[in-house]
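For the record, the sequence lines run as chains A and B. Letter by letter, the first sequence follows residues 59 to 150 of the working numbering. Letter by letter, the second sequence follows residues 96 to 233 of the working numbering. Beneath this line is the structure, given in structure tokens, with notes to follow.
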Amino acid sequence: MMQIVLTVTAVVLSLAAGGAIIRIARGPSLLDRVLAADVLLAIVGAALCIDMAVNRHLNNLMLLVAVSLIGFVGSVTVARFVADRRELPRES
Amino acid sequence: MNPETFSGDAVIDAVSAVFMVVGALMSLAAAVGLLRFPDLMTRMHAATKPQVLGLFLLLFALGLQMRTWWVWPVLVVAWIFQLLTVPVSAHMVGRAGYRTKHLHPELLSTDELEAVVQQAAGKSGFTEDDGDAAAGRR
């Protein structure tokens, strides 16, 4: 049964990653791309979780926390950057 | 598929399998929402699904599969860490999106920040109290 679950989740997560990558490539603004990259990181975390659950090991747990930390720092930094950069011409 | 005919292991396997498939479908729902929703705010709504509920389901399935008790605190810490960081980054992205006008105002049913922004913009030039400032601003 675990092989069936692994196949189904692999197909579903591949489709989801494809959709997120399409949004990264096509997103009209930078914030859309940041959001899609965040979703892509969540999909990577989901894949790590499913790998751990199917193969019954815990090797990826620290990597999972690190991936969510990187997503947090990245999106917060880019959001600050966008706010500052777009506001400069309006104030001057 | 009658659960009474299963042994305990098979029941735990079935529950974790269902949780894994549903958790993966959360990611697919987020991707569909990213592709089909019209602007940043609605896409942010869709993007939260795999980050909180999807991760919860997958970590629950992982805890069920490991069949030991000591992994549960670790998984709870990982999930709480995600719960603490996701709202902050979503707030930052939404704030930057509102300030840079990445939204369709006609799609909003209510814009509670608009009144606050107007009030702050009006108040910045006045030194009187609230009533006089409101009267002076017509």
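For each residue, glycine too, the CB sits at the ideal point set by N, CA and C. Source: prediction; values computed, not measured.
- [ ] Would you tell me roughly how many angstroms separate the C-alpha atoms of ALA68 of chain A and VAL212 of chain B, rounded to the nearest one?
- [x] For this step, residue 68 of chain A is matched to residue 10 along the first sequence. For this step, residue 212 of chain B is matched to residue 117 along the second sequence. Approximately 46 Å between the Cα atoms of the pair.
Open item on the list: Could you check whether LEU88 of chain A and VAL131 of chain A sit closer than 8 Å to each other, using their CB atoms as the reference points?
Closed with: For the purposes of this step, residue 131 of chain A is identified with residue 73 of the first sequence, where counting begins at 1. For the purposes of this step, residue 88 of chain A is identified with residue 30 of the first sequence, where counting begins at 1. It is not a contact, given that the beta carbons lie outside the stated cut-off.
Open item on the list: Quick check: the stretch 90-108 of chain A against the stretch 118-130 of chain B, are at least 3 beta-carbon pairs closer than 8 Å?
Closed with: yes
- [ ] Could you spell out where the alpha helix (DSSP H) holding GLU209 of chain B opens and where it closes?
- [x] Within the second sequence, the letter at position 114 stands for residue 209 of chain B. Looking at the DSSP string, the run of the alpha helix (DSSP H) that includes GLU209 of chain B is 207-218.
Task: Neighbour flag for HIS199 of chain B against chain A, beta carbons, 8 Å - done: Against the second sequence, residue 199 of chain B aligns to sequence position 104. Taking Cβ atoms only, chain A never reaches closer than 8 Å to HIS199 of chain B, which makes this a no.
Task: Euclidean distance between Cα positions of TRP164 of chain B and ALA185 of chain B - done: Looking up residue 164 of chain B in the second sequence gives position 69. Looking up residue 185 of chain B in the second sequence gives position 90. Going from the Cα of TRP164 of chain B to the Cα of ALA185 of chain B covers about 33 Å.
Open item on the list: Beta-carbon within less than 7 Å of LEU135 of chain B's beta-carbon, same chain only, minus the 5 sequence neighbours each way: which residues are those?
Closed with: Along the second sequence, read from residue 1 onward, the residue named residue 135 of chain B stands at position 40. The residues are GLY192, HIS197, LEU198.
Task: Integer-rounded CB distance, given that VAL63 of chain A should sit under 8 Å from VAL97 of chain A - done: For the purposes of this step, residue 97 of chain A is taken as the residue at position 39 of the first sequence. For the purposes of this step, residue 63 of chain A is taken as the residue at position 5 of the first sequence. About 22 Å; that fails the 8 Å criterion.
Task: C-beta atoms of LEU235 of chain B and VAL110 of chain B nearer than 8 Å - done: Given a span of 96 to 233 for chain B in the structure shown, any question on residue 235 of chain B remains unanswerable.
Task: Contact set for VAL102 of chain A: own chain, Cβ-Cβ below 7 Å, skip 5 residues either direction - done: Position 44 of the first sequence holds residue 102 of chain A. Answer for VAL102 of chain A: VAL125, listed in chain order.
Task: Near-chain B residues of the stretch 67-91 of chain A - C-beta to any C-beta below 8 Å - done: THR67, VAL70, LEU71, LEU73, ALA74, ALA75, GLY76, GLY77, ALA78, ILE80, ARG81, SER87, LEU89, ASP90
- [ ] Please go through the same chain and pick out, in chain order, the residues whose beta-carbon is closer than 7 Å to the beta-carbon of ASP125 of chain B, but skip the five residues on each side of it.
- [x] For the purposes of this step, residue 125 of chain B is identified with residue 30 of the second sequence, where counting begins at 1. Asp is not the amino acid found at residue 125 of chain B; the sequence shown has Ala there. So the list reads ALA141, ALA142, LYS144, PRO145, once near-sequence residues are dropped.
- [ ] Give the straight-line distance between the Cα atoms of LEU73 of chain A and ARG194 of chain B, rounded to the nearest whole angstrom.
- [x] Mapped onto the first sequence, residue 73 of chain A falls at position 15. Mapped onto the second sequence, residue 194 of chain B falls at position 99. C-alpha separation (whole angstroms): 33 Å.
Task: Residue-level contact to chain A via CB, ASP104 of chain B, 8 Å cutoff - done: On the second sequence, position 9 is the one that residue 104 of chain B refers to. No, ASP104 of chain B does not count as interfacial toward chain A.
Task: From A:ARG114, A:LEU121, A:LEU122, A:GLY85, residue whose alpha carbon lies closest to that of ARG162 of chain B - done: Walking along the second sequence from the start, residue 162 of chain B turns up at place 67. Of the candidates A:ARG114, A:LEU121, A:LEU122, A:GLY85, the one whose C-alpha sits nearest the C-alpha of ARG162 of chain B is A:ARG114.
Open item on the list: Looking at the secondary structure, which residues open and close the alpha helix (DSSP H) in which ASN113 of chain A lies?
Closed with: One-based indexing of the first sequence puts residue 113 of chain A at position 55. Run containing ASN113 of chain A: 88-113, per the alpha helix (DSSP H) assignment.
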